[in-house]
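S.K.: Read in our numbering, the sequence shown has 38 at position 38, and its numbers run on one by one without any break.
The beta-carbon is built from N, C-alpha and C at its ideal position, and this holds for glycine as well.
This structure is a prediction, so every number in the text was calculated from the model and none was measured.
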Amino acid sequence: MNTFTSVAAPAEIYTPPDAHLLFWPQIAPESMCQQLYSKLYSTLPWQQDQITIYGKTLPVPRLQVWMGDPGAHYQYSGLALSPHPWNQTVATIKRQIEKISDHQFNSVLINLYRSGQDSNGWHSDNEPELGENPVIASFSLGATRRFRLRHKYRKDILPYTFDLISGSLLLMSGATQKYWQHCLTKTARPVEPRINLTFRKVATT
Ligand SMILES: O=C(O)CCC(=O)C(=O)O
Ligand SMILES: [Mn+2]
């Protein structure tokens, strides 16, 4: 597999209060994104997990795979995930993203949004195993979907919206996960599936 173009134009920088966001609209050419998408879609062990919120158990509104170094376990909303070993395609993407972002990761949560009805509700990536000020690198493949961010406490700060196109990379760092929430909204428009990879660094056990 070719490497990504390191053409990635310099990142757009957003520094609203209590957040730090870097956004690269396109770090890989579309033809490569299509190849990566097909590979991941057909080879990953997609799971339909269940989460428990306020005592209610519900299916997660998307499919997902947790992958990482041995010992990189992850828990959220009552769901405990043990890592699948690195798949070659995901490991290649990880190396490129580490180069572009200048951060190291040991795990990734991969989401498959099968249609516009699949989504990801308002949340912060603030689980204890991520530590203080986690750095999250979010890479998208497939359909463009709308990603929103809002401050948790300050209504006077405008929310942010990113249309995450195939090949884009969004890096969230600093206090972003402490003070802001994000979500991936549903859409009534007919859309193709989308795969999103959020690379993370978790404490290993
Ligand atoms: O699909 C996305 O763009 C967001 C994914 C996300 O926030 C997560 O997996 O924690
Ligand atoms: Mn998230």
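With distances taken between CB atoms, is the gap from K152 to Q181 smaller than 8 Å?
M.R.: What you label residue 152 is simply residue 152 of the sequence shown in a count that begins at 1. What you label residue 181 is simply residue 181 of the sequence shown in a count that begins at 1. In contact: K152 and Q181 (Cβ atoms closer than 8 Å).
S.K.: Determine the DSSP secondary structure at S119, reduced to helix, strand or coil.
M.R.: The residue given as residue 119 occupies position 119 in the sequence shown. Of the three classes helix, strand and coil, the one that applies to S119 here is coil, per DSSP.
S.K.: Mind checking Q104: buried by the 16 CB within 10 Å criterion, or exposed?
M.R.: Position 104 of the sequence shown holds residue 104. Looking at its Cβ environment, which holds fewer than 16 other Cβ atoms inside 10 Å, Q104 is exposed.
S.K.: Does the pairing of the segment 169-177 with the segment 124-133 give three or more beta-carbon distances under 8 Å?
M.R.: Result yes; three or more Cβ-Cβ pairs closer than 8 Å.
S.K.: Got a sec? Which residues, its chain only, sit under 6 Å from S124 by beta carbon, not counting five neighbours each side?
M.R.: Taking the first residue of the sequence shown as position 1, residue 124 is located at position 124. Correct list, in chain order: Q177 and Q181.
S.K.: Report the rounded CA-to-CA distance for G121 versus I13, giving the unit in angstroms.
M.R.: Translated into positions along the sequence shown, residue 121 becomes position 121. Translated into positions along the sequence shown, residue 13 becomes position 13. The straight-line gap from Cα to Cα measures roughly 25 Å.
S.K.: Would you say L158 touches ligand 1, meaning its beta carbon is less than 7 Å from a heavy atom?
M.R.: Here residue 158 refers to the residue found at position 158 of the sequence shown. L158: no, Cβ never under 7 Å from ligand 1.
S.K.: Looking at the unbroken beta strand (DSSP E) that takes in A91, where does it start and where does it end?
M.R.: Translated into the one-based positions of the sequence shown, residue 91 becomes position 91. No beta strand (DSSP E) holds A91; the alpha helix (DSSP H) holding it covers Q88 to S101.
S.K.: Between L176 and ligand 2, is the CB less than 7 Å from at least one heavy atom?
M.R.: For the purposes of this step, residue 176 is identified with residue 176 of the sequence shown, where counting begins at 1. The displayed chain sequence assigns Thr, not Leu, to residue 176. Not under cutoff, so the answer is no.
S.K.: Pop quiz: D163 and T144 are said to be a contact at Cβ under 8 Å. What is the actual Cβ separation, rounded to whole angstroms?
M.R.: To locate residue 163, count along the sequence shown from 1; it is residue 163. To locate residue 144, count along the sequence shown from 1; it is residue 144. At roughly 5 Å, the Cβ-Cβ gap stays under 8 Å, so D163 and T144 are in contact.
S.K.: Over the uninterrupted alpha helix (DSSP H) stretch that includes E30, give me the two end residues.
M.R.: Counting from 1 along the sequence shown, the entry for residue 30 is found at position 30. Its alpha helix (DSSP H) spans residues E30 to T43.
S.K.: From the DSSP output, read off the bridge partner residues of H20.
M.R.: Stepping through the sequence shown from its first residue, residue 20 is reached at position 20. H20 is bridged to S173.
S.K.: Can you tell me the Cα-Cα spacing of M1 and D18, whole angstroms?
M.R.: Mapped onto the sequence shown, residue 1 falls at position 1. Mapped onto the sequence shown, residue 18 falls at position 18. The pLDDT assigned to M1 is 48, lower than 50, so where the model puts this residue is not dependable; a value taken from the coordinates is nonetheless given after this. Computed Cα separation, rounded: 38 Å.
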